[in-house]
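Protein chains in written order, with the numbering used here: chain A, 71 to 242; chain B, -11 to 90; chain C, 308 to 937. Some notes on the structure that comes next.
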Amino acid sequence: MNSLFYVPAAVAVISTILVITSLNTVNALLYAIISLLSIALIFFGLGAPFIAALEVIIYAGAIMVLFVFVIMMLNVGPQAIAEERQWLKIKVWRGPVLLALILMGELAYVISGPSRGACGLTINGPKQVGMVLYGPYVLGVELASLVLLAGAIGAYHLGRRDQPGESDRGQS
Amino acid sequence: MAAVPMEHGLLLAAILFALGLIGVLVRRNVILVLLSIEIMLNSSGLAFIVAGSRWVQPDGQIMFIFILTMAAAEVSVGLALVLRFYHHFKTLDTDRANTMRG
Amino acid sequence: MQEFLWLIPTLPFAGFLTLALIGARLSRLSVMLIGVGSVALSAFVSVLVGVSFIAAPPHGYAYRETLWTWLQVSNFRPEIAFYLDALSLVMVLVVTFVGFLIHLYSTEFMSGEEGYSRFFAYMNLFMGSMLTLVLADNLLLLYLGWEGVGLCSYLLIGFWYREPANGSAAMKAFIITRIGDTAMAIGLIVLFNNLGTMQIQEVMLRASQQWPVGSSLAMVAAALLLGGAVGKSAQLPLQTWLPDAMAGPTPVSALIHAATMVTAGVYLIARTHVLFTLAPLVQSAVAVIGAVTLLLAAFSALTQRDIKRVLAYSTISQIGYMFLALGVGAWSAAIFHFMVHAFFKALLFLGAGAVILSLHDEHDMFNMGGLRSRLPLTFWTFLIGSASLSALPLVTAGYYSKDLILWQAWASRTGSPLLWAAGLAGALLTSLYTFRMVFLTFFGEAKTMDAQRHGNRMSVPLVILAFLSIAGGFVELPVSPGNQWVFTEFMGTALPAAAIIPTEAATQHALQLIASVTSLAGIFLAYIFFHRNSGSTKLPVRSPVGYAVHCFLSSGWGFDRMYDKLIVQPYVYLARLNKADVTDLIYRGIALLSKIIHQGLSIMQNGRLRWYALTIGIGAVAVLGLVVLL
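Below, the structure written as structure tokens:
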């Protein structure tokens, strides 16, 4: 019974459920951070310490914080909670939950069968990852950097405050 | 370090993916939609790690690095778009943006 | 000379082509010259050919000229070939000569109308088609001419196309003759199927060899050809189109619906006489149809107000005489009557046209009167024509031809006294209604003051036709007086003589006397009723019974109404009932289905992000399910 896997797994599932059902946006974000941290623990248990660190630093530390910044900037206000309560009636949940259950069923069917093996037996540390990353996958690294460049430029352009005489002209 | 059966790891990834899907379809707040998408991306990354760990290769972790990079870029652009969305519609309700209805 | 035979139909066709293509750009004079000139040349050529034919008759009294092979499909090989014998020569001479006179007349009659070149183009096309019909060597070419004259009849009846009533009259004529044409086409197919050829003389030969008298095949073929003839010649039961065809210009009525086209049926039966001799039942039917029609039309002519309608019913009646003659086997008598009828009927129509034109389009006889002094030339020629129509004894050609028919009806082996009596009653009615027409139009006091004279181009044809109406009969005089059998002998080279039961001369004299007295009696009665006491006919019409009879007769014995009730209305009702039938449902169903799909798909485009995400999710799950399951 590998408690380094099952306990964080339970925590992750519970906190994800709380993410999608919470009324307050900031609360949802915090639950998400918890979920991500527990997934990092799972990664650590599966023998991927480098990725666990990356998960914490980048995913939970940068992306979620970015979400927090945007919420802070938008400054929605307390009426958002009442709105959410109104939007999240039970009948809204029926269809998507059904769909997700069907999907789950299909995936479970695919996964099930004779045992496919065990994981978490060895540790692949940063050194191994680095050697493979800058070896056969160096092209992917370059492409990833291009994607980040595009994202940076796009985010800069879209986030720019409208100059005078430029508002909503052609929806730029 | 005791071993974990691969099916359990993949099952966890499937559960998280389904929960993320529910979140995308149910929530009307556009930020929460983006957040649910992030959850889905994360779960697919978990599946890769599990696979890489099973076959004792770092390739799964490398795939996760790429997914992570892409998620970061997407979130930054996506949140910039959320800002414009709020600027235009004065609300975060996705259902208000239905002018392209036929 | 006879090798110029092919020019006779070709010249009018050339005239038609010229006028159709460039006629609108030519001057009136050029149109006149081309239109009349082509027919005049054709008449001239036919005279030359005729003279050569009579002076130096070819072998077997028949001359055949082949131009080219029309088409060739295994053993079906019709050719464009012309056949000249006594019958077709007479027809050609009459058609071209009367046609020429009418063309000349119409240059002045139509001078005030627009569409001058169109008129002459159609008239030339008609002349070409009619001559093709008459000269055709095989049945297919004859049918081509047949259809051509039907087309020209339609075009010319509806010549003043801006009036919708003219268009309806043209369509009525075309559709009714079409019924006959269909029967004829089936008859041609039957003939070809069983005898293997379309060439008329071959058909006659093979039919007489292969089919015994009274065989059912002969009867079927003859009956079908009779159907075609009945349609074209406006006999019972397809006679209703001719009175309405008077909506066309008067020269058209004269040429097509009096002198030439309506006699195409007579020509057809005379041409294929062998078939009819092989089917005695059908031949008797021809005679009966002729007898009934002539009486029916004569009664109707008695009650008409429009001068042209009187002449139309008169035409139907006179063609009934021709059918009667054909039916009793008097082939040459029928053709003789055709020739004489062409002369006086064309004369009467042209005279009526002159009257109508002079009175500025007045058709109603009761509005005419006293024109004897105002239009003297028209009056005298019209009087001669009417006398010929009424068979005024001894001086007119009509007397000799009608008398011949009556005599053959009595004396022929397949004739009967009943047919003779019908013909006699018809003769009485003929002279009655003819002179009613004369007295109402030319005698009495004038109802309208205005009457303008007309020029030479209208007068000369009238005079020539009047001369022919008198002199045309002298080629065929009965045994007493005269005993001239020129015409019959000439026709005897092409048509068999009528089989006559020998009767004594006394009987023949008695019949002649009775016929003469009848026509004179008719004229006298007309004088009393319509000239002396001109109001005396109004009284019987005023009474309810009399009025009902009058309406019945004047509407052509109610045939139009009967056809409408029996055929047209049920058909229209069925068509309306079937308006939304199964085929319609299929097409409307397709449209409805696409509309439903459209509406369904439109709902799916509501612009909501979550809905789109949901549909993507559903699609993905479905595909995944397919992959998992298969």
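We put the CB at the ideal spot given by N, CA and C, even for glycine. Note that the structure is predicted; figures quoted are calculated from it, not measured.
Which residues, taken in chain order from the segment 142 to 173 of chain A, show a beta carbon closer than 8 angstroms to some beta carbon of chain C?
Gly165, Pro166, Leu169, Ile172, Leu173
Starting from the C-beta of Gln611 (chain C), find all residues in its chain whose C-beta is less than 7 angstroms away, skip the five residues before and the five after it, and write them out in chain order.
For the purposes of this step, residue 611 (chain C) is identified with residue 304 of the third sequence, where counting begins at 1. Only Val617, Tyr620, Ser861 meet the Cβ criterion.
Does the Cβ-Cβ distance between Ile626 (chain C) and Ser697 (chain C) come in under 7 angstroms?
Along the third sequence, read from residue 1 onward, the residue named residue 626 (chain C) stands at position 319. Along the third sequence, read from residue 1 onward, the residue named residue 697 (chain C) stands at position 390. Against a cut-off of 7 angstroms, the Cβ pair of Ser697 (chain C) and Ile626 (chain C) comes out as no contact.
Listing by chain order, which chain B residues have their CB less than 8 angstroms from the CB of Ser85 (chain A)?
The sequence position of residue 85 (chain A) within the first sequence is 15, counting from 1. None at all; the shortest Cβ gap to chain B is about 10 angstroms.
Buried or exposed for Cys459 (chain C), please, with buried defined as at least 16 other CB atoms from any protein chain shown within 10 angstroms of its CB.
Taking the third sequence and counting its residues from 1, one reaches residue 459 (chain C) at position 152. Buried, since its Cβ has 16 or more Cβ neighbours within 10 Å.
Any Cβ of chain C within less than 7 angstroms of the Cβ of Leu96 (chain B)?
The question about residue 96 (chain B) has no answer, for chain B in this structure spans -11 to 90.
Can you check which of these residues, B:Gln49, B:Arg15, B:Ile27, B:Ala(-9), is closest to Ser85 (chain A) by C-alpha distance?
Taking the first sequence and counting its residues from 1, one reaches residue 85 (chain A) at position 15. Of the listed residues, the one whose Cα sits closest to Ser85 (chain A) is B:Ile27.
Once you ignore the five residues that flank Thr30 (chain A) on each side, which residues in its own chain have a CB closer than 6 angstroms to its CB?
Limits of chain A in this structure are 71 at one end and 242 at the other, which puts residue 30 (chain A) out of reach.
With a threshold of 7 angstroms between beta-carbons, can Leu0 (chain B) be considered close to chain A, or not?
In the second sequence, the residue the question calls residue 0 (chain B) occupies position 12. At least one chain A Cβ lies under 7 angstroms of Leu0 (chain B).
Quick one: which chain B residues come within Cβ less than 7 angstroms of Tyr207 (chain A)?
For the purposes of this step, residue 207 (chain A) is taken as residue 137 along the first sequence, with counting starting at 1. The answer, in chain order, is Ile50.
By the 10 Å Cβ neighbour count, where 16 or more other Cβ atoms means buried, how is Val63 (chain B) classified, buried or exposed?
Residue numbering aside, residue 63 (chain B) sits at position 75 when the second sequence is read from its first letter. Buried.
Count the other CB atoms, across all protein chains shown, that sit within 10 Å of the CB of Lys709 (chain C); report buried if there are 16 or more and exposed otherwise.
As a first step, residue 709 (chain C) is located in the third sequence; it is residue number 402 there, counting from the start. Result: buried.
Thinking C-alpha only, which one of B:His(-4), B:His75, B:Gly40, B:Phe54 is nearest Arg231 (chain A)?
Numbered from its first residue, the first sequence carries residue 231 (chain A) at position 161. The candidate whose alpha carbon is nearest that of Arg231 (chain A) is B:His75.
Against chain B, with Cβ distances strictly below 7 angstroms, would Gln876 (chain C) count as a contact?
Along the third sequence, read from residue 1 onward, the residue named residue 876 (chain C) stands at position 569. False, the Cβ-Cβ gap to chain B never drops below 7 angstroms.
For a cutoff of 7 angstroms on Cβ pairs, would you count Arg84 (chain B) as touching chain A?
Numbered from its first residue, the second sequence carries residue 84 (chain B) at position 96. It does not: the Cβ of Arg84 (chain B) has no partner Cβ on chain A nearer than 7 angstroms.
Proximal chain C residues relative to Val180 (chain A), where beta-carbon distance stays under 7 angstroms:
In the first sequence, residue 180 (chain A) corresponds to position 110, counting from 1. Here the neighbours are Val935.
Using a Cβ cut-off of 7 angstroms (strictly closer), state whether Val930 (chain C) contacts chain A.
Working through the third sequence from its first residue, we reach residue 930 (chain C) at position 623. Answer no: the Cβ-Cβ gap between Val930 (chain C) and chain A never drops below 7 angstroms.
Write down every uninterrupted run of the alpha helix (DSSP H) in the segment 634 to 696 of chain C whose length is 4 residues or greater and which is fully enclosed by it, in chain order.
638 to 665, 678 to 681, 683 to 696
Does the beta carbon of Glu125 (chain A) come closer than 7 angstroms to any beta carbon on chain C?
On the first sequence, position 55 is the one that residue 125 (chain A) refers to. Chain C contact via Cβ: absent.
In the DSSP assignment, find the unbroken beta strand (DSSP E) run with Tyr370 (chain C) in it and report its ends.
On the third sequence, residue 370 (chain C) is found 63 positions in, with the first residue counted as 1. Looking at the DSSP string, the run of the beta strand (DSSP E) that includes Tyr370 (chain C) is 370 to 376.
Could you tell me the distance, in whole angstroms, from the CA atom of Leu657 (chain C) to the CA atom of Phe651 (chain C)?
As a first step, residue 657 (chain C) is located in the third sequence; it is residue number 350 there, counting from the start. As a first step, residue 651 (chain C) is located in the third sequence; it is residue number 344 there, counting from the start. C-alpha separation (whole angstroms): 10 angstroms.
Residues that Leu13 (chain B) contacts on chain C, provided the C-beta gap is smaller than 8 angstroms:
By one-based count along the second sequence, residue 13 (chain B) stands at place 25. Under the 8 angstroms cutoff, chain C gives Arg917, Ala920, Leu921, Gly924.
Step through the CB atoms of chain A and report whether any lies within less than 7 angstroms of the CB of Ala35 (chain B).
Locating residue 35 (chain B) in the second sequence gives position 47, where the first residue counts as 1. It does not: the Cβ of Ala35 (chain B) has no partner Cβ on chain A nearer than 7 angstroms.
Paired residues, beta bridge with Glu386 (chain C) - DSSP:
The count along the third sequence starts at 1 and reaches residue 386 (chain C) at position 79. In DSSP, Glu386 (chain C) forms a bridge with C:Thr376.
Residue environment, His564 (chain C), which counts as buried when at least 16 other CB atoms sit within 10 Å:
Here the question's residue 564 (chain C) lines up with position 257 in the third sequence. Buried, by the Cβ-count rule.
Under 7 angstroms between C-beta atoms, does Gly907 (chain C) make it to chain B?
As a first step, residue 907 (chain C) must be located in the third sequence, where it is residue number 600. Gly907 (chain C) does not count as touching chain B.
With DSSP as the reference, label Leu784 (chain C) as helix, strand or coil.
As a position in the third sequence, residue 784 (chain C) is number 477, starting the count at 1. DSSP places Leu784 (chain C) in strand when its eight states are reduced to three.
Apart from the five residues just before and just after Ile127 (chain A), which ones in its own chain have a Cβ nearer than 7 angstroms to its Cβ?
Your numbering for residue 127 (chain A) matches position 57 in the first sequence. Nothing listed; no residue qualifies.
If the criterion is Cβ atoms closer than 7 angstroms, does the pair Ala59 (chain B) and Leu29 (chain B) meet it?
Position 71 of the second sequence holds residue 59 (chain B). Position 41 of the second sequence holds residue 29 (chain B). Yes, the pair counts as a contact, with Cβ atoms nearer than the cut-off.
The segment 310 to 324 of chain C contacting the segment 434 to 446 of chain C, beta-carbon criterion three pairs below 8 angstroms:
yes
With DSSP run on the structure shown, which of helix, strand or coil describes Val520 (chain C)?
Numbered from 1 along the third sequence, position 213 holds the residue referred to as residue 520 (chain C). Correct three-state label for Val520 (chain C): coil.
If you check the beta carbons only, do Leu463 (chain C) and Tyr412 (chain C) fall under 7 angstroms apart?
For the purposes of this step, residue 463 (chain C) is taken as residue 156 along the third sequence, with counting starting at 1. For the purposes of this step, residue 412 (chain C) is taken as residue 105 along the third sequence, with counting starting at 1. Not closer than 7 angstroms, so no.
Helix, strand or coil: which one does DSSP assign to Val89 (chain A)?
Translated into positions along the first sequence, residue 89 (chain A) becomes position 19. Three-state result, Val89 (chain A): helix.
Simplified DSSP state of Asp891 (chain C), which is helix, strand or coil:
Translated into positions along the third sequence, residue 891 (chain C) becomes position 584. Asp891 (chain C) falls in the helix class under three-state DSSP.
Cα separation between Trp377 (chain C) and Ala388 (chain C)?
Counting from 1 along the third sequence, the entry for residue 377 (chain C) is found at position 70. Counting from 1 along the third sequence, the entry for residue 388 (chain C) is found at position 81. Computed Cα separation, rounded: 9 angstroms.
Using CA coordinates, which residue listed in C:Arg513, C:Val599, C:Leu633 is at the minimum distance from Leu533 (chain C)?
Here residue 533 (chain C) is taken as the residue at index 226 of the third sequence, counted from 1. The shortest C-alpha separation from Leu533 (chain C) is found at C:Leu633.
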